[in-house]
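**Q** Just dropping this structure here.
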Amino acid sequence: MTEEIHTLVARQLKRIDQRYTSGRREVIEVLVAADRPLTIPEIVTDRPSLATSSVYRHLAVLERAGVAARIVTTHEHARYELAEGLTAHHHHHLVCQSCGSVADFTLPAKAEEQLDKALRSISRRAKFTSTDHRLDLVGVCPNCR
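Per our numbering: the sequence shown = residues 2 to 146.
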């Protein structure tokens, strides 16, 4: 699976005239192994050979290529994960407004279908062409409560 992801990332980067450098590959490997979205300091902690400034630059390019996704929180650092096109499942996020932690969650298939239907209706009324959706629930995690 990981090699398949690397092939897809290389293809996406080529589409925007960027190379799949060893540093970008390391960032992708960290995101693949993670069980949750990570901050840049967490990525650097996992791969101390990468400079923080390089990780910022790598993530900007990976995000532009559509292979990494940024989750903005109310905390000091944004978090990053693989874009859904590279993962096996559609998911949403629980975002703690106190500590900035982000946890993934999935909806039951029936609820996801109902949500899709409601969002398509909203898009039609607004004459908006929707390609996808994200749902972030913002609140307080059990550790901060």
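C-beta atoms are modelled at their ideal positions from N, C-alpha and C, and glycine is treated no differently.
From the DSSP output, read off the bridge partner residues of A104.
**A** Taking the first residue of the sequence shown as position 1, residue 104 is located at position 103. Looking at the DSSP assignment, A104 forms a beta bridge with L95.
**Q** Suppose you measure from the CA of R135 to the CA of A52; what does that come to, to the nearest Å?
**A** What you label residue 135 is simply residue 134 of the sequence shown in a count that begins at 1. What you label residue 52 is simply residue 51 of the sequence shown in a count that begins at 1. Their backbone Cα atoms lie some 30 Å apart in a straight line.
**Q** Using CA coordinates, which residue listed in T40, V62, P42, R37 is at the minimum distance from A11?
**A** As a working note, residue 11 is residue 10 in the sequence shown. Of the listed residues, the one whose Cα sits closest to A11 is V62.
**Q** Assuming the contact rule is C-beta atoms closer than 8 Å, P38 and R80 should be a hit. Round their C-beta distance to whole Å, please.
**A** Position 37 of the sequence shown, counted from the start, is the residue given in the question as residue 38. Position 79 of the sequence shown, counted from the start, is the residue given in the question as residue 80. At roughly 4 Å, the Cβ-Cβ gap stays under 8 Å, so P38 and R80 are in contact.
**Q** Would you check if there are 3 or more beta carbon pairs closer than 8 Å linking the segment 65 to 76 to the segment 89 to 98?
**A** Output reads yes: the segment 89 to 98 touches the segment 65 to 76.
**Q** Does DSSP put L136 in a helix, in a strand, or in coil?
**A** Taking the first residue of the sequence shown as 1, we reach residue 136 at position 135. Looking at L136 - three-state DSSP - the assignment turns out to be coil, as it is neither helix nor strand.
**Q** What are the boundary residues of the beta strand (DSSP E) that includes L87?
**A** In the sequence shown, counting from the first residue as 1, residue 87 sits at position 86. Neither: L87 is in no beta strand (DSSP E) and is coded neither H nor E.
**Q** Looking only at its chain, what residues have a beta carbon closer than 8 Å to the beta carbon of R146, apart from the 5 residues adjacent to it on each side?
**A** In the sequence shown, residue 146 corresponds to position 145, counting from 1. Excluding positions up to five away in sequence, the list is empty.
**Q** For G67, collect the residues of the same chain with a Cβ closer than 8 Å to its Cβ; drop the 5 residues on either side in sequence, then sort them by chain order.
**A** Translated into positions along the sequence shown, residue 67 becomes position 66. So the qualifying residues of the chain are Q13, A84, G86.
**Q** For a test of the three-state rule: what should DSSP assign to A127, helix, strand or coil?
**A** Within the sequence shown, the letter at position 126 stands for residue 127. Of the three classes helix, strand and coil, the one that applies to A127 here is helix, per DSSP.
**Q** Mind listing, in chain order, the continuous beta strand (DSSP E) runs of no fewer than 3 residues lying wholly within the segment 21 to 86?
**A** Counting whole runs of 3 or more residues, the segment 21 to 86 contains the beta strand (DSSP E) stretches 69 to 72, 80 to 83.
**Q** Given a cut-off of 8 Å on the beta-carbon distance, is the pair L120 and S131 in contact?
**A** In the sequence shown, residue 120 corresponds to position 119, counting from 1. In the sequence shown, residue 131 corresponds to position 130, counting from 1. Yes. Within cutoff.
**Q** Thinking just about the alpha-carbon of each residue, which of D105, I29, S55, Q19 is nearest to the one in E5?
**A** Position 4 of the sequence shown, counting from 1, holds the residue named residue 5. Comparing Cα positions, the closest option is I29.
**Q** So for R10, helix, strand or coil by DSSP?
**A** In the sequence shown, residue 10 corresponds to position 9, counting from 1. The question names Arg, but residue 10 is Val in the sequence shown. In the structure shown, V10 sits in a helix (DSSP, three-state: H, G or I).
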